[in-house]
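Enquirer: In order, the protein sequence lines correspond to chains A and B. Using our numbering, read the first sequence as starting at 401 and increasing by one per residue. Using our numbering, read the second sequence as starting at 345 and increasing by one per residue. To start, I am sharing the structure in question, which I have written as structure tokens.
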Amino acid sequence: MTEHEQKSSQTYVEIIGDTVVGKHLIFTILISVVFSFIGFFIGRELIFPRIAPEEMVQSYSLLLGIAGSVTGLVINTFLFKPKRTLNETASTNNELTEIYKDLQLDMEEERESILNDPVTIQEMKEQGFYEMFIPDEGEQDRSKEKK
Amino acid sequence: MDVLLISIVLAVVAGIIFTGIGLISGSDETAVLVPATLIVVLLGAPPEAVFAFFMSAVLSKHLTHAIPTALMGVPGDTTATPMLDHANFMRRIGLPHIALRKMISGGIIGAFIALPVSLAFAVFLSQFGEFFQKNAGIIFTLAAVLIGYFSKGRWASIILIIPFALVVQGLNLVSTTILGSGLSTSFFLGIAIGPMFTDILLASSKSGRLMIQRHEPNEYKLAPEKKSWSGYFPNPFKVLTKKQSAAVGGTSFLSSLTFALSPVGMTALMGEVIGSRVKGQYKKSTTSLSTMNGVTESTYIAETIIPLVAFGIPLSPVAIGPAQGLFNAPPVFTTEPVHNLHTLMEPMDFLLYGFIGIIIAAVLAYPFSMNFARKATVLVLKYINQEAIIAMFIGIVTLLAFYEGGLISVAVTFSMAMVGGLLNRFLGVGVGVQFMIFYGSSWIVATLFGL
Numbered sequence: 401m402t403e404h405e406q407k408s409s410q411t412y413v414e415i416i417g418d419t420v421v422g423k424h425l426i427f428t429i430l431i432s433v434v435f436s437f438i439g440f441f442i443g444r445e446l447i448f449p450r451i452a453p454e455e456m457v458q459s460y461s462l463l464l465g466i467a468g469s470v471t472g473l474v475i476n477t478f479l480f481k482p483k484r485t486l487n488e489t490a491s492t493n494n495e496l497t498e499i500y501k502d503l504q505l506d507m508e509e510e511r512e513s514i515l516n517d518p519v520t521i522q523e524m525k526e527q528g529f530y531e532m533f534i535p536d537e538g539e540q541d542r543s544k545e546k547k
Numbered sequence: 345m346d347v348l349l350i351s352i353v354l355a356v357v358a359g360i361i362f363t364g365i366g367l368i369s370g371s372d373e374t375a376v377l378v379p380a381t382l383i384v385v386l387l388g389a390p391p392e393a394v395f396a397f398f399m400s401a402v403l404s405k406h407l408t409h410a411i412p413t414a415l416m417g418v419p420g421d422t423t424a425t426p427m428l429d430h431a432n433f434m435r436r437i438g439l440p441h442i443a444l445r446k447m448i449s450g451g452i453i454g455a456f457i458a459l460p461v462s463l464a465f466a467v468f469l470s471q472f473g474e475f476f477q478k479n480a481g482i483i484f485t486l487a488a489v490l491i492g493y494f495s496k497g498r499w500a501s502i503i504l505i506i507p508f509a510l511v512v513q514g515l516n517l518v519s520t521t522i523l524g525s526g527l528s529t530s531f532f533l534g535i536a537i538g539p540m541f542t543d544i545l546l547a548s549s550k551s552g553r554l555m556i557q558r559h560e561p562n563e564y565k566l567a568p569e570k571k572s573w574s575g576y577f578p579n580p581f582k583v584l585t586k587k588q589s590a591a592v593g594g595t596s597f598l599s600s601l602t603f604a605l606s607p608v609g610m611t612a613l614m615g616e617v618i619g620s621r622v623k624g625q626y627k628k629s630t631t632s633l634s635t636m637n638g639v640t641e642s643t644y645i646a647e648t649i650i651p652l653v654a655f656g657i658p659l660s661p662v663a664i665g666p667a668q669g670l671f672n673a674p675p676v677f678t679t680e681p682v683h684n685l686h687t688l689m690e691p692m693d694f695l696l697y698g699f700i701g702i703i704i705a706a707v708l709a710y711p712f713s714m715n716f717a718r719k720a721t722v723l724v725l726k727y728i729n730q731e732a733i734i735a736m737f738i739g740i741v742t743l744l745a746f747y748e749g750g751l752i753s754v755a756v757t758f759s760m761a762m763v764g765g766l767l768n769r770f771l772g773v774g775v776g777v778q779f780m781i782f783y784g785s786s787w788i789v790a791t792l793f794g795l
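Written as structure tokens, this is what we have:
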């Protein structure tokens with residue numbers, strides 16, 4: 401499938417805040433669980449009973465299992481491409497308002513809490529994302545008109 | 345002089361290794377720290393050096409476990425699970441690197457407060473320790489009410505305390521009947537993966553899928569980074585606001601006085617108590633995150649030092665878990681009779697070698713995570729697909745649950761995830777409330793129904 405086709409025909413689901421393709425997800429979960437357990441069982445049954453003291457076999461096997469999960473992560477990373485697009489600019493105020501709405505949070509209350517706190521204002525300005533939360537006057541008026 | 349040199353070398357080794365291990369999410373502290381400590385003990389390191397090694401390992405692992413927690417939304421280890429909610433919020437608004445800086449700055453302050461405080465109170469505190477131990481159930485239950493009231497769920501959270509406690513105890517009864525002993529890790533793993541599991545369930549249900557279906561991939565905005573410090577080494581007090589530093593200081597101080605409560609429980613409790621008093625989500629999340637990471641540090645250190653210095657027998661969740669090797673590493677250290685760091689070291693030694701451990705870890709892990717936070721974020725977002733992250737999370741959780749008690753533990757974890765996740769998603773019963781109910785559940789059920 402070309403990238404263009406993929407874009408027009410594909411639907412996504414959003415899992416903890418990021419978009420994924422259902423089929424890919426099922427596949428990656430299988431890989432991850434299988435590799436984790438392969439690591440764990442190989443450690444517990446084959447390797448560590450021979451070389452490690454008895455009380456440590458479980459712990460070492462768990463470590464090998466986690467190594468399996470990490471291997472799964474590496475394989476899955478190569479198998480599928482991320483579906484997100486990365487944009488290295490701060491969100492605009494409207495986008496942030498959308499996100500807040502999605503999360504059932506109150507943007508007005510957020511603005512008020514920031515405006516009442518000079519320390520936070522300064523921190524946000526220093527870090528360069530103050531405008532993301534507090535729009536300049538003109539924009540604020542327009543968004544009010546919309547409502 | 346020799347001992348000092350060995351301690352420094354071992355602390356450096358621990359700092360480097362555990363800075364790396366912290367990056368791997370889900371790495372269980374007990375599983376990693378116990379073998380590592382045992383190896384050092386069995387290799388014949390002097391007790392002082394073992395202690396410096398352990399302190400350095402704990403601190404550097406905790407500082408870097410904030411990285412997967414903040415950047416990918418996958419808990420760095422079990423103590424990071426209560427932080428997921430706030431971390432996910434910060435990720436969603438494009439400021440995960442800010443979350444990360446706040447967390448590790450809180451962590452480092454917490455560690456430096458905890459060492460002297462917990463040591464100074466070690467002997468003196470046993471009386472209060474008993475009080476907390478005896479009343480832990482009621483403390484957690486009251487906390488659940490308080491946190492529930494200030495959460496999005498408000499009255500639903502409070503109404504559901506008893507039913508939720510009953511569900512927890514019911515599941516625990518099933519697993520106890522099968523295994524002969526209760527489970528704990530499986531429960532809080534379940535609570536932690538609840539929100540994710542709910543999304544997966546929705547995706548797999550024909551009627552639920554519409555809620556989370558999207559026609560375009562998400563666009564991720566990542567706010568540009570400005571370094572707020574000059575040089576390589578940042579000042580944690582400048583990364584946090586004065587109020588946040590005070591919150592971290594206060595909660596770290598308080599949690600250094602407790603040693604019988606679970607670190608995960610303390611972390612959730614302190615974070616919610618502080619967070620509920622802050623208005624505005626940005627401030628709430630950054631303040632809670634810095635506080636929580638400070639508390640994970642301080643409870644860890646306190647729960648190691650207090651039983652070790654005061655009693656010499658492992659009397660806290662950390663002491664019977666990750667810190668086991670300091671109490672009991674036969675044939676070198678034993679608890680019956682007590683022949684371990686407790687008998688081999690003076691309180692001043694604990695202070696000196698403890699500081700060697702945490703200073704070295706601070707020098708290695710802190711600037712590393714602070715300076716590379718955003719670069720790491722970009723790498724993750726560009727190259728690692730969300731499917732792989734979710735899959736790794738599920739893989740590790742399944743494995744850890746299985747490790748605790750076999751298939752039944754896995755089933756308990758996912759049952760817990762189902763209940764907790766749906767309540768969280770549809771009624772706003774937060775993860776913090778659920779943790780508190782979990783810790784209070786045996787007391788609630790015993791008191792009300794006489795189990």
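Ideal placement from N, C-alpha and C gives every residue a C-beta, glycine not left out. Note that this is a predicted model, so its numbers are computed, not measured.
#1: From the beta carbon of Pro426 of chain B, is the nearest beta carbon of chain A less than 9 Å away?
#2: Give the range of the beta strand (DSSP E) segment to which Glu487 of chain A is assigned.
#3: In three-state DSSP terms, what is Leu723 of chain B?
#4: Taking the continuous beta strand (DSSP E) assigned at Glu414 of chain A, which residues delimit it?
#5: Applying a beta-carbon distance threshold of less than 8 Å, which residues of chain B neighbour Lys481 of chain A?
#6: In terms of residues, what are the limits of the beta strand (DSSP E) holding Asp418 of chain A?
#7: Work out the CA separation of Val474 of chain A and Met689 of chain B for me, nearest whole Å.
#8: When you compare only the Cα positions, how much space is there between Gln557 of chain B and Gly422 of chain A?
#9: Could you check whether the stretch 768 to 785 of chain B touches the stretch 497 to 515 of chain B, counting it as contact only if at least three pairs of C-beta atoms, one from each stretch, sit closer than 8 Å?
#10: If the criterion is Cβ atoms closer than 9 Å, does the pair His406 of chain B and Gly366 of chain B meet it?
#11: Tell me whether the beta-carbon of Leu633 of chain B lies closer than 9 Å to the beta-carbon of Gly784 of chain B.
#12: Scan the stretch 523 to 534 of chain A for residues whose Cβ lies nearer than 9 Å to a Cβ of chain B and list them as they occur along the chain.
#13: Should Lys446 of chain B be labelled buried (16 or more other beta-carbon atoms within 10 Å of its own) or exposed?
#14: Suppose you measure from the CA of Ser589 of chain B to the CA of Pro666 of chain B; what does that come to, to the nearest Å?
#15: Do Ala654 of chain B and Ala455 of chain B have their beta-carbon atoms positioned less than 9 Å apart in this structure?
#16: Let's see if you can read the secondary structure: which residues bound the alpha helix (DSSP H) around Leu527 of chain B?
#17: Going by C-alpha to C-alpha distance, which of B:Ala410, B:Ile482, B:Ala414, B:Leu349 sits closest to Met780 of chain B?
#18: Beta carbons nearer than 7 Å to chain A: which residues of the stretch 615 to 638 of chain B have them?
#19: So what's His683 of chain B in DSSP terms, helix, strand or just coil?
#20: Starting from His409 of chain B and walking both ways along the alpha helix (DSSP H), at which residues does that stretch end?
#21: Give, in chain order, every unbroken run of the alpha helix (DSSP H) that is at least 4 residues long and sits entirely within the stretch 421 to 450 of chain A.
#22: Listed in chain order, which residues of the stretch 548 to 559 of chain B have Cβ atoms closer than 7 Å to some Cβ of chain A?
#23: I want to verify the contact list: residues of chain B whose CB lies under 9 Å from the CB of Asn494 of chain A, in sequence order.
#24: Can you check which of these residues, B:Phe677, B:Val777, B:Ala509, is closest to Phe793 of chain B by C-alpha distance?
#25: In whole angstroms, what is the alpha-carbon distance linking Thr630 of chain B and Leu463 of chain A?
#26: Among residues of its own chain, excluding the 5 on either side of Leu533 of chain B, which ones have a beta-carbon nearer than 7 Å to its beta-carbon?
#27: Please report the Cβ distance between Gly593 of chain B and Ile702 of chain B, rounded to the nearest whole angstrom; I am assuming they are in contact, meaning their Cβ atoms lie under 8 Å.
#28: Taking the alpha carbon of Leu584 of chain B as the point to measure from, which residue in A:Pro535, A:Glu526, A:Ile534 has its own alpha carbon closest?
#29: Name the two residues that bound the continuous alpha helix (DSSP H) containing Lys481 of chain A.
#30: Mind checking which residues open and close the alpha helix (DSSP H) that includes Ile499 of chain A?
#31: Count the other C-beta atoms from every protein chain shown that fall within 10 angstroms of the C-beta of Ala591 of chain B, then say buried if there are 16 or more, exposed otherwise.
#32: With distances taken between CB atoms, is the gap from Val420 of chain A to Gln730 of chain B smaller than 9 Å?
#33: Given a threshold of 16 other Cβ atoms within 10 Å of its Cβ, counted over all protein chains shown, does Thr402 of chain A qualify as buried or as exposed?
#34: Leaving out five residues on either side along the sequence, give the residues of the same chain with a beta carbon under 7 Å from the beta carbon of Ser638 of chain B.
#35: Could you run through the stretch 685 to 715 of chain B and flag, in chain order, every residue whose CB is less than 8 Å away from some CB of chain A?
#36: If you count every other CB in all the chains shown that lies within 10 Å of the CB of Glu748 of chain B, and 16 or more means buried, which is it?
Expert: Reading from the atomic positions:
#1: For this step, residue 426 of chain B is matched to residue 82 along the second sequence. It does not; no Cβ of chain A falls within 9 Å.
#2: The sequence position of residue 487 of chain A within the first sequence is 87, counting from 1. Looking at the sequence provided, one finds Asn at residue 487 of chain A rather than Glu. First-last of the beta strand (DSSP E) with Asn487 of chain A: 485 to 487.
#3: What you label residue 723 of chain B is simply residue 379 of the second sequence in a count that begins at 1. Reduced to three states, the DSSP call for Leu723 of chain B is helix.
#4: Position 14 of the first sequence, counted from the start, is the residue given in the question as residue 414 of chain A. Going by DSSP, Glu414 of chain A is part of the beta strand (DSSP E) stretching over 412 to 415.
#5: By one-based count along the first sequence, residue 481 of chain A stands at place 81. Those are Asn729, listed as they occur along chain B.
#6: Counting from one through the first sequence, the residue named residue 418 of chain A turns up at place 18. First-last of the beta strand (DSSP E) with Asp418 of chain A: 418 to 420.
#7: Translated into positions along the second sequence, residue 689 of chain B becomes position 345. Translated into positions along the first sequence, residue 474 of chain A becomes position 74. Spanning the two alpha carbons is a distance of roughly 44 Å.
#8: For the purposes of this step, residue 557 of chain B is identified with residue 213 of the second sequence, where counting begins at 1. For the purposes of this step, residue 422 of chain A is identified with residue 22 of the first sequence, where counting begins at 1. Looking at the two C-alpha atoms, the distance is approximately 10 Å.
#9: With a cut-off of 8 Å, the stretch 497 to 515 of chain B and the stretch 768 to 785 of chain B count as touching, because enough Cβ pairs lie within range.
#10: In the second sequence, residue 406 of chain B corresponds to position 62, counting from 1. In the second sequence, residue 366 of chain B corresponds to position 22, counting from 1. Yes; because the gap between Cβ atoms is below 9 Å, this pair is in contact.
#11: In the second sequence, residue 633 of chain B corresponds to position 289, counting from 1. In the second sequence, residue 784 of chain B corresponds to position 440, counting from 1. Against a cut-off of 9 Å, the Cβ pair of Gly784 of chain B and Leu633 of chain B comes out as no contact.
#12: Glu523, Met524, Glu526, Gln527, Gly528, Phe529, Met532, Phe533
#13: Residue 446 of chain B sits at position 102 when you count from the first residue of the second sequence. The residue in question, Lys446 of chain B, is buried, as its Cβ has 16 or more Cβ neighbours within 10 Å.
#14: To locate residue 589 of chain B, count along the second sequence from 1; it is residue 245. To locate residue 666 of chain B, count along the second sequence from 1; it is residue 322. So the two alpha carbons sit approximately 28 Å from each other.
#15: Numbered from its first residue, the second sequence carries residue 455 of chain B at position 111. Numbered from its first residue, the second sequence carries residue 654 of chain B at position 310. The answer is no: Cβ separation not under 9 Å.
#16: Locating residue 527 of chain B in the second sequence gives position 183, where the first residue counts as 1. In the DSSP assignment, Leu527 of chain B falls outside any alpha helix (DSSP H), carrying neither H nor E.
#17: Taking the first residue of the second sequence as 1, we reach residue 780 of chain B at position 436. Closest option to Met780 of chain B, Cα to Cα, is B:Ile482.
#18: Lys623, Gly624, Gln625, Tyr626, Lys627
#19: Translated into the one-based positions of the second sequence, residue 683 of chain B becomes position 339. DSSP places His683 of chain B in strand when its eight states are reduced to three.
#20: Position 65 of the second sequence, counted from the start, is the residue given in the question as residue 409 of chain B. First-last of the alpha helix (DSSP H) with His409 of chain B: 391 to 416.
#21: 422 to 441
#22: Along the stretch 548 to 559 of chain B, going in chain order, the ones with a CB nearer than 7 Å to a CB of chain A are Arg553, Ile556, Gln557, Arg558, His559.
#23: Here residue 494 of chain A corresponds to residue number 94 of the first sequence, with the count starting at 1. What Asn494 of chain A touches in chain B: nothing, since even the nearest Cβ is about 12 Å away.
#24: As a first step, residue 793 of chain B must be located in the second sequence, where it is residue number 449. Measuring from the Cα of Phe793 of chain B, the nearest candidate turns out to be B:Ala509.
#25: Translated into the one-based positions of the second sequence, residue 630 of chain B becomes position 286. Translated into the one-based positions of the first sequence, residue 463 of chain A becomes position 63. Straight across, the Cα-Cα distance linking Thr630 of chain B with Leu463 of chain A is about 32 Å.
#26: On the second sequence, residue 533 of chain B is found 189 positions in, with the first residue counted as 1. Val741, Leu744, Ala745, Thr757, listed in sequence order.
#27: The sequence position of residue 593 of chain B within the second sequence is 249, counting from 1. The sequence position of residue 702 of chain B within the second sequence is 358, counting from 1. About 16 Å separates the two Cβ atoms, so there is no contact after all.
#28: Locating residue 584 of chain B in the second sequence gives position 240, counting from the first residue. When each option's Cα is compared against that of Leu584 of chain B, the closest is A:Glu526.
#29: Here the question's residue 481 of chain A lines up with position 81 in the first sequence. Segment: none, Lys481 of chain A is in no alpha helix (DSSP H) and carries neither H nor E.
#30: Locating residue 499 of chain A in the first sequence gives position 99, where the first residue counts as 1. Taken as a continuous stretch (DSSP letters only), the alpha helix (DSSP H) holding Ile499 of chain A covers 493 to 502.
#31: In the second sequence, residue 591 of chain B corresponds to position 247, counting from 1. Ala591 of chain B comes out buried.
#32: If you number the first sequence from 1, residue 420 of chain A lands on position 20. If you number the second sequence from 1, residue 730 of chain B lands on position 386. Going by C-beta atoms, Val420 of chain A is nearer than 9 Å to Gln730 of chain B.
#33: Counting from one through the first sequence, the residue named residue 402 of chain A turns up at place 2. Summary for Thr402 of chain A: the model assigns pLDDT 43, below 50, so the residue's position carries little reliability, and this model does not support an answer.
#34: Numbered from its first residue, the second sequence carries residue 638 of chain B at position 294. Looking at the sequence provided, one finds Gly at residue 638 of chain B rather than Ser. Correct list, in chain order: Gly450, Gly451, Ile453, Gly454, Val592, Thr595, Ser596.
#35: none
#36: Stepping through the second sequence from its first residue, residue 748 of chain B is reached at position 404. Buried, by the Cβ-count rule.
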